[in-house]
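The structure under discussion appears below in the form of structure tokens.
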Amino acid sequence: MDILIFTTSVEKPEQVREVKPLLTSVPAITGWNFDLEDCDKILRIEADDISPRYIESLLQTAGFDCRELEY
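Under the UniProt record's numbering, the first residue of the sequence shown carries the number 1, and numbering increases by one thereafter.
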């Protein structure tokens, strides 16, 4: 299992609800959460064998900025 961390432009709980169907529809994602209090609006993904670019494009399709944070 991989843990991927992203900075996003998702700022409000309503926006989290907007992307929830996108994230839950991906079978490889086993867990996810947002930290909206962090200045980078962090999205943390737990997944099996998924490309960070796929997650970025998924959120960008919904109109949000999303970029993987290297750690």
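Virtual Cβ for every residue (Gly too), placed ideally from N, Cα, C.
C-beta atoms of residue i and residue j nearer than 8 angstroms
{"i": "F6", "j": "I42", "result": "yes"}
{"i": "L4", "j": "E70", "result": "no"}
{"i": "A62", "j": "E14", "result": "no"}
{"i": "D38", "j": "M1", "result": "no"}
Those residues which DSSP pairs with residue i across a bridge
{"i": "G31", "result": "E46"}
{"i": "L4", "result": "I45"}
{"i": "E68", "result": "F6"}
Through-space distance from residue j to residue i, alpha-carbon basis
{"i": "T8", "j": "Y54", "result": "14 angstroms"}
{"i": "E46", "j": "C66", "result": "16 angstroms"}
{"i": "E11", "j": "S25", "result": "21 angstroms"}
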